[in-house]
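Heads up: the structure comes next, in structure tokens.
2 protein chains.
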Amino acid sequence: MSVRYRHARPALTVDCVVFGLDQRDLKVLLIERALEPFAGQWALPGGFVRIDETVEQAARRELQEETGLDKVYLEQLYTFGDLDRDPRERVVSVAYYALVRLAANTAQANTDARKAEWFALNRMPSLAFDHDRIFRVAYERLQNKVCYQPIGFELLPKKFTLSQLQQLYEIILGQELDKRNFRKKMLGMNVLVETDEYEQGVAHRAARLYRFHKTKYQELLKRGFHFEV
Amino acid sequence: MSVRYRHARPALTVDCVVFGLDQRDLKVLLIERALEPFAGQWALPGGFVRIDETVEQAARRELQEETGLDKVYLEQLYTFGDLDRDPRERVVSVAYYALVRLAANTAQANTDARKAEWFALNRMPSLAFDHDRIFRVAYERLQNKVCYQPIGFELLPKKFTLSQLQQLYEIILGQELDKRNFRKKMLGMNVLVETDEYEQGVAHRAARLYRFHKTKYQELLKRGFHFEV
DNA sequence: TCAAAAGTGTTGAGCGTACACCCATGC
DNA sequence: GCATGGGTGTACGCTCAACACTTTTGA
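Going down the list, the protein sequences come from chains H and B.
Heads up, the first sequence is in the working numbering, so the first residue is 2 and it goes up one at a time.
Heads up, the second sequence is in the working numbering, so the first residue is 2 and it goes up one at a time.
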């Protein structure tokens with residue numbers, strides 16, 4: 002199968018772990034494989050890196066093609082380079098993880114011919130190739146990173162309540178947080194701005210909506226500030 | 002130049018940023034390139050990933066071949082996948098960084114035909130390809146990681162004084178630390194064990210030597226402990 | 001009027017920080 | 001005996017964690 006060019010070359014692919022937040026579940030987007038190997042099994046979206054695109058472009062293109070997702074938060078995770086990852090031939094894969102606003106994107110997830118579906122983390126099937134391992138590394142990274150970088154906002158609507166934000170952290174970290182301390186800390190960092198709007202259609206007092214103030218955050222960064230939950 | 006296999010494939014290489022600590026300088030190991038492109042310029046050690054070795058094995062093999070270094074601390078850094086990294090053809094490179102005990106390894110660094118040399122960080126030449134960028138990412142990672150993982154010990158002899166350890170942090174982080182607070186914190190984490198030995202041949206009171214207790218650290222980890230400087 | 005979540009302050013404990021002097025040794 | 005770094009303790013301020021009740025709204 003493999004090709005010679007002085008030495009034979011490993012193939013290079015990308016794989017994406019796409020996280021979305023759905024009410025009270027953190028979910029991952031999986032693709033059902035049509036072809037062997039692992040036909041009929043679920044796998045991470047991904048594919049070969051072409052010679053005329055950067056690795057990140059490849060990840061974005063595959064996401065677009067396989068899931069319809071576009072303009073998502075995307076970050077390189079790790080490169081998986083073991084020998085037996087793919088039974089067909091030697092394949093090295095650069096893994097990325099993506100964070101998407103689920104509500105805004107759900108509709109598009111099935112546009113492609115291939116079947117794409119969101120799975121809550123505790124209801125995931127076992128995955129093809131070494132994708133279980135890739136997923137675990139991604140989830141671990143998300144749990145760590147969300148604590149010291151303001152990436153959680155990528156999973157929420159642009160305007161959100163403090164309770165939504167708190168639930169996000171509770172879901173990702175898998176532990177409850179104290180409401181007053183959480184608000185104090187978040188508001189104290191001065192990276193949220195309150196809007197004049199309130200949530201709609203709830204059967205109780207409506208909560209104020211906030212936005213994440215990205216430019217303010219970037220300014221603070223330069224002055225040595227660092228985000229922390 | 003490039004090969005076809007349905008689509009042409011990017012070539013895959015590894016590059017290593019090797020750090021060593023020399024008295025009061027943090028240094029990096031560079032290779033002088035013999036061939037075009039960038040002949041005569043300095044570059045990070047590295048080379049092509051073969052089809053019958055993992056990516057990490059490739060990094061270790063290249064280190065061994067080009068610098069004589071063996072059994073070093075090695076960790077994957079990031080994968081660089083831009084289009085124009087190499088003027089010859091499309092090359093994607095998985096970068097690693099390594100930490101070595103300089104005193105123990107210096108002698109071997111020149112065994113290979115190629116010229117290898119240690120450079121203090123503030124006396125580094127500009128590097129071939131995008132290696133300047135790779136180096137910067139590696140140094141940033143080292144500065145961050147040394148604060149929350151006990152990897153600094155990889156740069157010191159097995160037995161070291163607390164002052165050596167403190168100097169290591171001061172050099173890597175580029176800031177002075179308070180001696181009493183540093184000792185209190187280090188000893189308080191219970192990952193160092195004191196030996197019965199003292200440093201030799203100094204023209205003042207000899208300092209006690211300590212060792213890093215790896216298994217103790219790993220036990221503490223399981224109980225939710227986390228290292229921090 | 002009831003249910004459900006929003007919103008709000010204080011206190012105590014532990015931790016990090018700042019800081020200065022005596023000790024041991026080799027020359 | 002002097003120069004050099006080794007080694008040690010305390011006090012203060014700040015941050016973090018624990019904790020409960022009133023308010024608003026819709027049904």
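We treat Cβ as the ideally placed atom computed from N, Cα and C, and that holds for glycine.
So which residues on chain H does residue i lean against when the C-beta distance must stay under 8 Å?
i, result
"Ile52/B", "Ser3, His8, Ala9, Arg10, Pro11 and Arg91"
"Leu84/B", "Asp53, Glu54 and Thr55"
"Val18/B", "Ordered by position in chain H, no residue passes the 8 Å Cβ test against Val18/B, which lies about 16 Å from the chain."
Beta-carbon within less than 6 Å of residue i's beta-carbon, same chain only, minus the 5 sequence neighbours each way: which residues are those?
i, result
"Met2/B", "Note that Met2/B scores 40 on pLDDT, short of 50, meaning its location in the model is unreliable and no value can be drawn from it."
"Val73/H", "Ala99 and Val101"
"Asp179/H", "none"
"Cys148/B", "Val230"
"Leu92/H", "The sequence given here has Val at residue 92/H, not Leu. Within the same chain, Val92/H has close Cβ partners Ala12, Thr14 and Arg86."
On the CB-based measure, 16 or more other CB atoms within 10 Å of its CB, does residue i come out buried or exposed?
i, result
"Val94/B", "Just to set this straight, residue 94/B is Ser in the shown sequence, not Val. Classification for Ser94/B: buried."
"Asp197/H", "exposed"
"Val194/B", "exposed"
"Tyr1/B", "Because chain B in this structure spans residues 2 to 230, residue 1/B falls outside the shown range and cannot be described."
"Pro151/H", "buried"
"Val101/B", "buried"
"Ala207/H", "exposed"
"Gly82/B", "buried"
"Glu67/H", "buried"
"His132/H", "buried"
"Val15/H", "buried"
"Ala59/H", "buried"
"Ala121/B", "exposed"
"Ala104/H", "exposed"
"Leu156/B", "buried"
"Leu64/B", "buried"
"Gly225/H", "exposed"
"Thr216/H", "exposed"
"Gly41/H", "exposed"
"Leu36/H", "exposed"
"Val56/H", "buried"
Closer than 7 Å by beta-carbon distance: list the chain B residues that pair up with residue i, in chain order.
i, result
"Gln77/H", "Tyr79 and Thr80"
For residue i, I'd like the list of residues in its chain whose CB is within less than 7 Å of its CB, leaving aside the five on either flank, ordered along the chain.
i, result
"Lys159/H", "Arg212"
"Phe154/B", "Phe213"
"Arg61/B", "Leu75"
"Met125/H", "Val29"
I'd like the list of long-range same chain contacts for residue i, defined as Cβ closer than 8 Å, with 5 residues on each side in sequence excluded.
i, result
"Val18/B", "Val29, Leu45, Leu78, Ala96, Tyr97, Tyr98, Ala99, Ile135, Phe136, Ala139 and Tyr140"
"His205/H", "none"
"Phe39/H", "Ala129 and Phe130"
"Gln168/H", "Arg25"
"Ala110/B", "With a pLDDT of only 49 at Ala110/B, under the threshold of 50, the placement of this residue in the model should not be trusted; the figure read from the coordinates follows. Closer than 8 Å at Cβ, skipping near neighbours: Leu30, Thr68, Gly69, Leu70, Ala117, Glu118 and Trp119."
"Phe228/B", "Tyr149, Gln150, Pro151, Met190, Val192 and Tyr218"
"Gly84/B", "The residue asked about is misnamed: residue 84/B is Leu in this sequence, not Gly. Cβ within range, chain order: Arg91."
"Leu210/H", "Lys160, Phe161, Thr162, Glu195, Thr196, Glu198, Tyr199 and Glu200"
Starting from residue i, trace the beta strand (DSSP E) both ways and give me its first and last residue.
i, result
"Lys28/H", "Asp26 to Glu33"
"Gly47/B", "Gly47 to Phe49"
"Ala129/H", "No beta strand (DSSP E) holds Ala129/H; DSSP gives it neither H nor E."
"Glu195/B", "Leu193 to Tyr199"
"Glu90/B", "Taken as a continuous stretch (DSSP letters only), Glu90/B belongs to no beta strand (DSSP E), as it is neither H nor E."
"Phe81/B", "Tyr74 to Phe81"
"Leu22/H", "Ala12 to Asp23"
Name, please, each residue of chain B whose Cβ falls closer than 9 Å to the Cβ of residue i.
i, result
"Val95/H", "Thr80, Gly82, Val93 and Val95"
Let's see if you can read the secondary structure: which residues bound the alpha helix (DSSP H) around residue i?
i, result
"Gln58/B", "Val56 to Thr68"
"Arg181/H", "Lys180 to Gly189"
"Glu220/B", "Lys215 to Lys223"
"Glu118/B", "No alpha helix (DSSP H) holds Glu118/B; the beta strand (DSSP E) holding it covers Ala117 to Ala121."
"Gln171/H", "Correcting the residue identity first, residue 171/H is Glu in this sequence and not Gln. Unbroken alpha helix (DSSP H) run through Glu171/H: Leu163 to Leu174."
Is any non-hydrogen atom of the ligand SAH found closer than 7 Å to the C-beta of residue i, if you look at the structure I gave you?
i, result
"Gln144/H", "You won't find the ligand SAH in this model; it holds no ligand whatsoever."
Counting Cβ pairs, one atom from each stretch, are 3 or more of them under 8 Å apart for the region 22–39 of chain B and the region 115–134 of chain B? Three or more pairs of CB atoms, one per stretch, sit closer than 8 Å, so the region 22–39 of chain B contacts the region 115–134 of chain B.
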